[in-house]
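> So the protein sequences, as listed, match chains P and W.
With my numbering applied, the first sequence corresponds to residues 303 to 593, in that order.
With my numbering applied, the second sequence corresponds to residues 153 to 470, in that order.
Where is the CB? At the ideal position from N, CA and C, for every residue including glycine.
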Amino acid sequence: MSTRTLLSPAALARPRGRAVYWTVFTGVVVLFALAFLFPVYWMVTGAMKSPDEIAQTPPTIIPKHWHLSGYTDAWDLMQLPEHLWNTVVQAAGAWAFQLVLCTAAAYALSKLKPAFGKLILGGILATLMVPAQALVVPKYLTVADLPLIHTSLLNDPLGIWLPAVANAFNLYLLKRFFDQLPRDVMEAAEIDGAGKLRILWSIVLPMSRPVLGVVSIFALVAVWQDFLWPLMVFSDTDKQPISVALVQLSQNIQLTVLIAAMVIASIPMVAMFLVFQRHIIAGISAGSTKG
Amino acid sequence: MTRTATRNPVETTAVRQVEAPPPVGGRGRRRLLDQARAYAFLIGGLICFALFSWYPAIRAVVIAFQKYTPGSSPEWVGTANFTRVWHDPEFTAAWRNTLVFTLLALLIGFAIPFVLALVLNELRHWKAFFRVVVYLPVMIPPVVTALLWKWFYDPGAGLANETLRFLHLPTSNWSNGTDTALISLVIVATWANLGGTVLIYLAALQSIPGELYEAAELDGASLLQRVRHVTIPQTRFVILMLMLLQIIATMQVFTEPFVITGGGPESATVTVLYLIYKYAFLYNDFGGACALSVMLLVLLGAFSAVYLRLTRSGEDDL
C-alpha cells in the first residue's frame, strides 16, 4: 500500500531522511533477528550440542560438533510419534466436529428461522463473555460424568472433540458470513426443488470457502496449542498430546533431548504458518479493520 | 491463536420477503416440518453448547455452595467454600500476582507492540519478512515457549544470564527469584503474544487516511505531535479493544507459571487460574475451586461485557 503514513515521502527522499530511514531499518532488522529468530536458532542448534557443550559457560554460538542424536533420542525415548499422533487425532477430530456441527448450526440460525433462534443465538453469544479457562473445573466435572447418560469422556479424544464444538467465536463467524450470502441464489435452488441439505452443500459451502479456511485454521491451532484442558482430560500417559507429554517428561530427561523434542513439537504449526502465512496474516489483519 | 477484534455482535436482520401463499390446508404441518428440519441442523451444536458451556456455568455457581466429591452425593454448605478460600494465604497472593501480571503485561506487552507497529508501518522494505518474523513466536506451542524460556532463565548456563555476562552486567535470578519471577513471566508472555497485537494494530494504522498527516504537517505538527493528535485518536477504538482483550487473556494466565516456576518461589507466581487448578487437582476440593471460578468469572465477565458493549456500539462513534 502506498498511502502516506506518519512520514511524508518528501522527508524520506531528502539525504538526511534517507540516512535516518536506513539506520532505523537496519536497527529493526537486527532487533527482529535477535529477539525473534535467535531464540529459535538457539533452540534448534542447542538440540544438536553434546550434553557437556550445552552446559558450558560461556556457551558456543555454533555447535562444535553437530549431533543429530538429540533428535533421534527424543523421537525414540519420549515416544514422540505416539504423542504427535495423539495430537493429530485430537486436532483433526476437533476440526471435523467443529466444521460439521458449527456449520450446520450456523446455517440453521442464519437461514432456516428455527423457533427460539434469537434466544439460542443470544445464549451462544453470551458464552463469549465467559472466558473458557475460568470454567475448566465444572467443565471437567461434566466431561467426567456426562449428565443423563453418565459416561466419562476422560482419556477419550471425544473429551477434546465435543467441547471444541462449543466455540461461539467460530460459530458466530460462520453465521455472520452466511447472513451476507445473497438470498436469491438459494431461493432459485429451492424453486428448482433442492432440499436444505443440498442447498447447504452445493451452494452455501462453495461460496463460504474463505470463512471455512479461517475457521479451520483457528480450530486446528487452538487444539494444537492447548495445554490446560488436555492436561485435565488425559491422565493416561499413552493418550496425552505432545504439549502435555512434553511438560510431564521434562522433569527427568536430558536437556538436549528435551530441546530436540520441543523443536519437533513446534514444526507442524510453524510449517503450517509458513505455508499459509499470507492467508493467516491477511485474516488477522482483515479482522481489525472491519470491526 | 489471538482473537482478533472482529467480534461484532450486531445482528444483520435480513429483509423479510413476501412469501407466496402456502398451499391450502397444509400450512401448520408444513411449518412443523420446517421447524423439525431447522432443528435437525441445529441440534448437534446446540447439545455441545448446552453440555460444555451453559451447564458448566450453572454448575460452577451451584458447586461453589456445595461440598462436592466426585462419586458421592453433594452437600449444601452455604458460603463455607468462599470463606475457606478467602482465608487461604495463597488467595491474596494469587489475586495480587494475577493483577500485577495483568498490569505489567498491559504496560510492557502493550507499549512494545504499539511502538513496533508504528515503526514497522513506516518501513517500505521487507514488509512480509517483518510480519512473518513477528508472528513466528505466536505459532510456537505455548508449552514449548514456556520450556524454552525456563531454559533461558537457568541461573547457570541459561541464555539470559550468559547475555548479561557477555555485556558485563550483573546477573539475575530471573524466574527463580521472588522479586523477579513475575516480571520474568511477563517477558515470556509478551514475547509469545505480541505478534498478534502488532499485526492487528498495523492493519488499523493502514486505515488512517494519509490526508490527515498531510494536513497536520502543513500546520507544522512535529512527528510526535502527529502521533499524539492523528495516529492515537484515529486508532483509539482498536487500542481499546486490544487492551481489553489482553486483560481478559492475561487474567487467565496458567501455562507460564505452571511450566516455568510451578507457582514459586514462595507463591510469587501463583495465579488465580493456577490456584483453581490446585484446589481441584491437588486438594481435591472442587467446592473451593468452583468458588474461586465464580469470583474470576464475575470479574472477567465484567471486562467481557465492556468489550462486547464497545464492539456493539461499533466504530461509528469515533
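1. Taking C-alpha atoms, which residue in P:I582, P:T444, P:A417 lies nearest to D186 of chain W?
2. Between the region 438 to 456 of chain P and the region 373 to 384 of chain P, do at least 3 Cβ pairs fall closer than 8 Å?
3. Could you name the residues of chain W that F327 of chain P contacts, counting a contact when the two beta carbons are closer than 7 Å?
4. Quick test of the definition: if touching needs 3 or more C-beta pairs under 8 Å, does the region 430 to 449 of chain W touch the region 210 to 222 of chain W?
5. Taking CB distances under 8 Å as the criterion, tell me whether T347 of chain P reaches chain W.
6. On the DSSP letters alone, give me the boundaries of the alpha helix (DSSP H) that I363 of chain P sits inside.
7. Compare the C-beta of A490 of chain P against all C-beta atoms of chain W and say whether one is closer than 8 Å.
8. Please report the residue range of the alpha helix (DSSP H) in which D486 of chain P lies.
9. Measure how close the beta-carbons of L475 of chain P and V513 of chain P come, nearest whole angstrom, since I'm counting them as under 8 Å.
10. Counting pairs of beta carbons, one from the region 280 to 290 of chain W and one from the region 338 to 351 of chain W, are three or more of them closer than 8 Å?
11. Can you grab the Cα-Cα spacing for the pair E314 of chain W / I422 of chain P, in whole Å?
12. Taking 6 Å as the limit between beta carbons, can you name the residues of its chain near G593 of chain P, skipping five residues before and five after?
13. Is the separation between the beta-carbon of V446 of chain W and that of F529 of chain P shorter than 8 Å?
14. Buried or exposed, going by whether 16 or more other CB atoms sit within 10 Å of the CB of W228 of chain W?
15. Taking the continuous alpha helix (DSSP H) assigned at E353 of chain P, which residues delimit it?
16. Nearest-angstrom Cα distance between A368 of chain W and F389 of chain W?
17. DSSP three-state label for E227 of chain W, please.
18. Spatial neighbours of T413 of chain W within its chain, please: CB distance less than 6 Å, with the 5 preceding and 5 following residues excluded, ordered by chain position.
19. Label D437 of chain W either buried or exposed according to how many other C-beta atoms from any shown protein chain fall within 10 Å of its C-beta, with 16 as the threshold for buried.
20. Does any residue of chain W have a CB that is nearer than 8 Å to the CB of K441 of chain P?
21. Grab me the residues of L370 of chain P's own chain with a C-beta within less than 8 Å of its C-beta, minus the 5 sequence neighbours each way, in chain order.
22. Within a Cβ cutoff of 8 Å, which residues of the same chain sit near A338 of chain W, ignoring the five residues on either side of it in sequence?
23. Is Q556 of chain P helix, strand or coil by DSSP?
24. Could you tell me if P465 of chain P is buried or exposed, where buried requires 16 or more neighbouring beta carbons within 10 angstroms of its beta carbon?
25. Does I493 of chain P pass the burial test, meaning 16 or more other C-beta atoms within 10 Å, or should it be called exposed?
26. Consult DSSP for Q218 of chain W and reduce its assignment to one of helix, strand or coil.
27. So, is N249 of chain W buried or exposed, given that buried needs 16 or more other C-beta atoms within 10 angstroms?
28. Determine the burial state of V162 of chain W: buried for a count of at least 16 other Cβ atoms within 10 Å of its Cβ, exposed for fewer.
29. How long is the line joining the alpha carbons of A312 of chain W and M571 of chain P, rounded to whole angstroms?
30. Helix or strand or just coil, what does DSSP make of A349 of chain P?
31. Show which residues of chain W have a CB atom less than 8 Å away from the CB atom of V577 of chain P.
32. Give the straight-line distance between the Cα atoms of G372 of chain P and L557 of chain P, rounded to the nearest whole angstrom.
33. Can you pull out the residues from the region 351 to 363 of chain W whose beta carbon lies closer than 9 Å to at least one beta carbon of chain P?
34. Examine chain W for any beta-carbon lying closer than 8 Å to the beta-carbon of W387 of chain P, and answer yes or no.
35. Pick from W:W303, W:F304, W:R189, W:T407: whose alpha carbon is nearest that of A341 of chain W?
Put simply:
1. P:A417
2. The region 438 to 456 of chain P, when compared against the region 373 to 384 of chain P, does not touch it at the 8 Å Cβ threshold.
3. L275, H277
4. yes
5. For T347 of chain P, the nearest beta carbon of chain W is not closer than 8 Å to its own beta carbon.
6. No alpha helix (DSSP H) contains I363 of chain P, which DSSP labels as neither H nor E.
7. no
8. 485 to 493
9. 6 Å
10. yes
11. Pairing E314 of chain W with I422 of chain P, the inter-Cα distance amounts to about 56 Å.
12. At G593 of chain P the pLDDT is 35, less than 50, meaning the model places this residue with poor confidence; the figure from the coordinates comes in the next sentence. For G593 of chain P, same chain residues with a beta-carbon under 6 Å away, outside a window of 5 residues either side, do not exist.
13. no
14. exposed
15. This sequence places Pro at residue 353 of chain P; Glu is not what is there. Residues 353 to 356.
16. Whole-angstrom Cα-Cα distance: 21 Å.
17. strand
18. S327, A333, T421
19. buried
20. yes
21. M350
22. Looking at the sequence shown, residue 338 of chain W is not Ala but Val. Result list for V338 of chain W: F253, L256, A257, I260, G261, in chain order.
23. coil
24. buried
25. exposed
26. Strand.
27. buried
28. Annotation note: pLDDT 44 at V162 of chain W (below 50); position unreliable, no value reported.
29. 26 Å
30. In this structure, A349 of chain P counts as coil in the three-state DSSP scheme.
31. The contacting residues do not exist; V577 of chain P stays about 11 Å from chain W at best.
32. 9 Å
33. L351, I352, Y353, L354, A355, A356, L357, Q358, S359, I360, P361, G362, E363
34. no
35. W:T407
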